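For the protein sequence lines, the chains are A and B, in the order given.
Note that UniProt numbering numbers the first sequence so that position 142 is 142, with each residue one more than the last.
Note that UniProt numbering numbers the second sequence so that position 207 is 207, with each residue one more than the last.
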Amino acid sequence: MRIHHSLAARLSLLFALVSVLLLGSIGAYLYHTLNREIAWRDDQMLRGRLERMETLLDGGESIAALRQRPQLYANMLGNRDSLLWVLDTKGNVLIEVNPGNLPVPDLLASEGVRLDNVRGESPARVAWQTFEQDGRSLTLVAGKLLDERRQMLAAYRLRLWLALAAGALFAFLLGWGVSRRGLRPLRRLSEQANRIDMHHLNRRLDIDREAKEIVALSHGLNRMLHRLEGGFSQLFRHSADMAHELRTPLTNLLGQTQHTLRRERSAEEYRQVLESNIEEYERLSRMIDSMLLLARTANPLKEIPREVVDLRLLVEQLCEYFEGMAEDEGRRLVNQSNGTILANRDLLRRALANLIANALRYGRFETPIHIGTSNIEGWVKLWVHNYGEALSPDDLPRVFERFYRCDPARTSLANSGGLGLAIVRSIAQWHDGDVQVESHSEKGTTFTLWLPCTPNV
Amino acid sequence: MHILVVEDEHKTADYLSKGLSESGYRVEVGRDGYEAWYLIEECEFDLIILDVMLPGLDGWQLLKRIRRRSQVPVLFLTARDAVEYRVKGLELGADDYLIKPFSFVELLARVRTLRRRGPVREAEYFRVADLEMDVLRRRVTRQGERIGLTNKEFALLELFLDREGEVLSRTYIASRVWQMNFDSDTNVVEVAVRRLRAKVDDAYTPKLIHTERGMGYVLEARA
């Protein structure tokens with residue numbers, strides 16, 4: 001398991017990191033405070049010592065007498081790490097207490113008390129002061145070896161580090177526990193999600209009794225499941241529909257051919273059967289063609305190639321194509337379109353051809369069919385209008401579904417097998433647009449393709 | 001003309017072989033890529049019809065090999081109509097393609113086109129029986145009488161005359177005359193042919209435009 005793949009491990013590590021930062025800061029602060037405090041107290045002590053020595057010397061004790069009786073000041077010093085020098089102006093040592101055998105520090109004469117660190121093999125802190133006694137200038141130096149202080153601080157630091165490490169470890173373990181517990185809803189979620197598969201797409205994630213964040217996630221996932229379930233059931237329905245639609249031509253082919261073979265027939269009869277078969281084959285071929293186009297447009301893996309299409313020209317071509325059919329029925333195709341659009345020419349032509357074929361199929365004889373365009377706020381509207389019987393309000397939302405037929409009695413061999421309008425919608429959607437239909441018994445029926453002026457490429 | 005059909009599906013191979021033979025071509029059939037390659041090395045062919053889904057050496061590999069040694073026209077057949085497929089085939093050096101299912105008439109038309117490959121000069125004048133067309137002056141006469149045609153009727157008749165004696169399928173006509181490259185599932189072509197006949201054929205004998213049921217139309221002077 002890689003660390004960043006486990007939320008619990010990641011959270012625990014973050015806990016530990018936060019603890020280290022926090023404990024470390026506190027430790028560093030305490031350490032420095034302590035260090036300063038000890039230094040201040042040492043300095044105070046050195047000053048005190050200087051004062052006492054001065055008092056001793058002022059009290060009439062001569063240097064010589066003091067040298068004779070070292071216990072006078074030795075008592076005062078007590079410790080093994082204390083230093084004391086009394087120097088004359090030339091730097092000669094008059095009195096010395098120096099257990100560490102330090103060299104006499106080189107110090108500037110000073111009226112007041114001065115403090116400084118002495119570096120070297122055994123570092124020390126010294127305080128000194130120069131004053132007059134019996135007409136001569138003496139320098140009093142009191143000092144303290146820093147060894148002990150350092151050892152103490154080192155021990156303290158070690159304890160701080162140990163505490164820090166222990167704290168971090170503790171925080172990590174605590175964090176692990178807390179995260180595991182805190183992430184339990186996620187595990188429940190994944191268990192629930194695991195129970196959802198192709199055959200149980202109707203299952204949903206339980207959203208009661210869960211934390212706010214999980215509820216939001218579950219809602220999102222449930223919505224996704226809802227869409228997927230819709231898509232899948234549509235897919236299943238399409239497959240079933242297609243299988244059913246294929247049965248009709250196959251039944252004709254099978255029945256007709258078997259019937260013909262039951263006895264000897266004239267060449268002309270065989271010929272007729274074969275010709276009729278061709279019509280059925282072509283119907284099958286068209287259906288497969290349409291299904292493939294739908295499959296491609298409904299699941300566009302790729303951006304479609306687009307070009308600038310002159311709409312007036314495109315519609316003109318289509319009008320020429322359908323002209324003969326229209327005239328036969330006493331109808332006219334009126335091209336009212338203009339402008340250009342960035343689209344796939346072949347697909348757009350196909351969509352419009354399907355709409356016009358539809359208008360010819362369902363429009364009333366002796367009425368014109370209008371094809372026009374208009375621009376509305378970044379959209380190009382391409383519409384095909386015909387007069388004729390209105391579509392019922394029940395049918396309107398469903399006419400774009402595959403294999404949907406408003407009136408089962410109206411199907412004929414020439415029909416597109418109920419895929420024509422589905423293809424129109426699919427093509428519109430592939431262009432990031434849509435298609436809509438309005439129908440009215442007097443105003444007629446209008447199919448409108450909405451296509452964006454500048455598609456999101 | 002000697003044609004090699006490379007197709008592993010027996011029924012398809014058989015009917016292609018029969019159909020092409022009946023149309024006057026000499027046909028050999030290769031059932032897989034290696035057999036086809038053997039035949040190509042043995043004989044000279046004027047055209048190769050190649051199914052791309054083959055066992056053994058597949059159609060694309062075979063096509064590459066063929067192109068390394070000759071420029072014989074290759075027409076490939078595929079059941080997949082994804083654009084990449086067509087592009088791939090053409091890039092590898094195929095000259096044309098057909099997507100399954102295709103009509104036999106369509107295949108014959110393609111074969112004839114490939115045979116005539118090279119710069120085809122557009123004809124300027126046609127004459128079949130007593131029907132005459134002057135393409136440049138856009139004049140059509142029958143028995144010397146001028147016939148007025150619309151642009152599309154003219155284009156349709158020109159197509160028939162250019163392909164005199166060949167059966168033209170409805171989809172082919174739709175794509176050549178109106179650039180409708182799909183089966184629009186209407187009887188537009190029937191209507192257009194009927195209207196053209198009304199002008200060109202109805203008042204005259206012999207009839208020149210004939211319907212081949214289930215296949216398409218053909219223009220020819222039949223005795």
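Quick reminder that beta carbons are idealized off the backbone N, C-alpha and C, glycines included.
Since this is a predicted model, take the numbers as computed values, not measurements.
Residue i at chain B interface by Cβ criterion, 8 Å
| i | result |
| --- | --- |
| Glu279 of chain A | yes |
| Gln192 of chain A | no |
| Met325 of chain A | yes |
| Ala414 of chain A | Model confidence at Ala414 of chain A stands at a pLDDT of 42, short of 50, so the residue's coordinates are unreliable and nothing is read from them. |
| Arg184 of chain A | no |
| Arg410 of chain A | Any reading at Arg410 of chain A needs caution, since the residue's pLDDT is 48, under 50, leaving its predicted position unreliable; the model's value is listed next. Answer no: the Cβ-Cβ gap between Arg410 of chain A and chain B never drops below 8 Å. |
| Leu274 of chain A | yes |
| Gln317 of chain A | yes |
| Ser439 of chain A | no |
| Asp395 of chain A | no |
| Asp310 of chain A | no |
| Asp328 of chain A | yes |
| Ala353 of chain A | yes |
| Asp241 of chain A | no |
Minimum C-alpha distance to residue i - residue among the options
| i | options | result |
| --- | --- | --- |
| Phe170 of chain A | A:Arg195, A:Gln436, A:Leu17 | A:Leu17 |
| Gln234 of chain A | A:Ala422, A:Thr448, A:Asp432 | A:Ala422 |
| Leu4 of chain B | B:Phe102, B:Trp37, B:Thr150 | B:Trp37 |
| Arg209 of chain A | A:Asn202, A:Arg203, A:Ser218 | A:Ser218 |
| Gly177 of chain A | A:Arg265, A:Leu352, A:Val435, A:Ala8 | A:Ala8 |
| Val6 of chain B | B:Pro55, B:Thr141, B:Gly30 | B:Gly30 |
| Ser12 of chain A | A:Leu173, A:Ala326, A:Arg149, A:Arg247 | A:Leu173 |
| Arg283 of chain A | A:Pro249, A:Arg262, A:Glu37, A:Glu303 | A:Pro249 |
| residue 229 of chain B | B:Val87, B:Asp96, B:Ala109 | It is not possible to answer for residue 229 of chain B, since the shown part of chain B is limited to 1 through 223. |
| His244 of chain A | A:Gly27, A:Met287, A:Ser122 | A:Met287 |
| Ala129 of chain B | B:Ile49, B:Leu47, B:Asp201 | B:Asp201 |
| Ile369 of chain A | A:Val380, A:Gly378, A:Val384 | A:Val384 |
| Ala359 of chain A | A:Ser337, A:Leu347, A:Glu389 | A:Glu389 |
Exposure of residue i, with buried meaning 16 or more beta-carbon neighbours within 10 Å
| i | result |
| --- | --- |
| Met291 of chain A | buried |
| Tyr15 of chain B | exposed |
| Tyr172 of chain B | buried |
| residue 473 of chain A | Residue 473 of chain A is absent from the structure shown; chain A starts at 1 and stops at 457. |
| Phe15 of chain A | buried |
| Ala64 of chain A | exposed |
| Asn354 of chain A | buried |
| Ile376 of chain A | exposed |
| Ala155 of chain A | exposed |
| Gln129 of chain A | buried |
| Met198 of chain A | exposed |
| Trp178 of chain B | buried |
| Ala414 of chain A | Note that Ala414 of chain A has pLDDT 42, beneath the 50 cutoff, so the model's placement of it is unreliable and the number below is only indicative. Classification of Ala414 of chain A: exposed, given that the 10 Å Cβ count is below 16. |
| Pro73 of chain B | buried |
| Tyr125 of chain B | exposed |
| Ser412 of chain A | Below a pLDDT of 50, predicted positions are generally treated as unreliable, and Ser412 of chain A, at 45, falls in that range; the measurement from the model is reported next regardless. So Ser412 of chain A counts as exposed. |
| Ser137 of chain A | exposed |
| Leu21 of chain A | exposed |
Any chain A beta carbon closer than 8 Å to residue i
| i | result |
| --- | --- |
| Glu7 of chain B | no |
| Thr186 of chain B | yes |
| Phe182 of chain B | yes |
| Gly30 of chain B | no |
| Ala129 of chain B | no |
| Gly19 of chain B | no |
| Arg138 of chain B | no |
| Ala192 of chain B | yes |
| Arg213 of chain B | yes |
Amino acids of chain A, ordered along the chain, whose beta-carbon sits closer than 9 Å to that of residue i
| i | result |
| --- | --- |
| Lys152 of chain B | Glu320, Tyr321, Glu323, Gly324 |
Distance cut-off 7 Å: residue i Cβ against heavy atoms of the ligand SAM
| i | result |
| --- | --- |
| Pro99 of chain A | Absent from the structure shown: the ligand SAM. Ligands present: none. |
Residues that residue i contacts on chain A, provided the C-beta gap is smaller than 7 Å
| i | result |
| --- | --- |
| residue 227 of chain B | Outside the shown range of chain B, which is 1 to 223, sits residue 227 of chain B, and nothing can be said about it. |
| Arg195 of chain B | Gly324 |
Under 8 Å from the C-beta of residue i: neighbouring residues of chain B
| i | result |
| --- | --- |
| Arg398 of chain A | Going along chain B, no residue has its Cβ under 8 Å from Arg398 of chain A, so there is no contact; the nearest lies around 20 Å. |
| Leu292 of chain A | Asp81 |
Chain B contact residues for residue i, given Cβ-Cβ distances below 9 Å
| i | result |
| --- | --- |
| Arg350 of chain A | Met180, Asn181, Phe182, Ser184 |
| Ala357 of chain A | Ser184, Asp185, Thr186, Val188 |
Beta-carbon neighbours of residue i, restricted to chain D and to distances below 7 Å
| i | result |
| --- | --- |
| Ser285 of chain A | In the structure shown, chain D does not exist; the protein chains are A and B. |
Chain B residues whose Cβ lies nearer than 7 Å to that of residue i
| i | result |
| --- | --- |
| Asp346 of chain A | Asn181 |
| Leu254 of chain A | None at all; the shortest Cβ gap to chain B is about 17 Å. |
| field | Sequence ranges, beta strand (DSSP E) only - wholly within the stretch 131 to 182 of chain B, length at least 3 | value | DSSP runs (the beta strand (DSSP E)) wholly in the stretch 131 to 182 of chain B: 131 to 134, 139 to 142, 145 to 147.
| message | Report the start-end ranges of each alpha helix (DSSP H) in the stretch 118 to 178 of chain A that is 4 residues or longer and not cut off at the edges. | response | The alpha helix (DSSP H) runs of length 4 or more contained entirely in the stretch 118 to 178 of chain A do not exist; there are none.
| What runs of the alpha helix (DSSP H), each 4 residues or longer, lie entirely inside the stretch 286 to 342 of chain A? | The qualifying runs are 311 to 328.
| What are the start and end residues of each continuous alpha helix (DSSP H) run of 4 or more residues lying completely inside the UniProt domain "HAMP" (180 to 233) of chain A, in chain order? | Scanning the UniProt domain "HAMP" (180 to 233) of chain A for uninterrupted alpha helix (DSSP H) segments of 4 residues or longer gives 184 to 194, listed from N- to C-terminal end.
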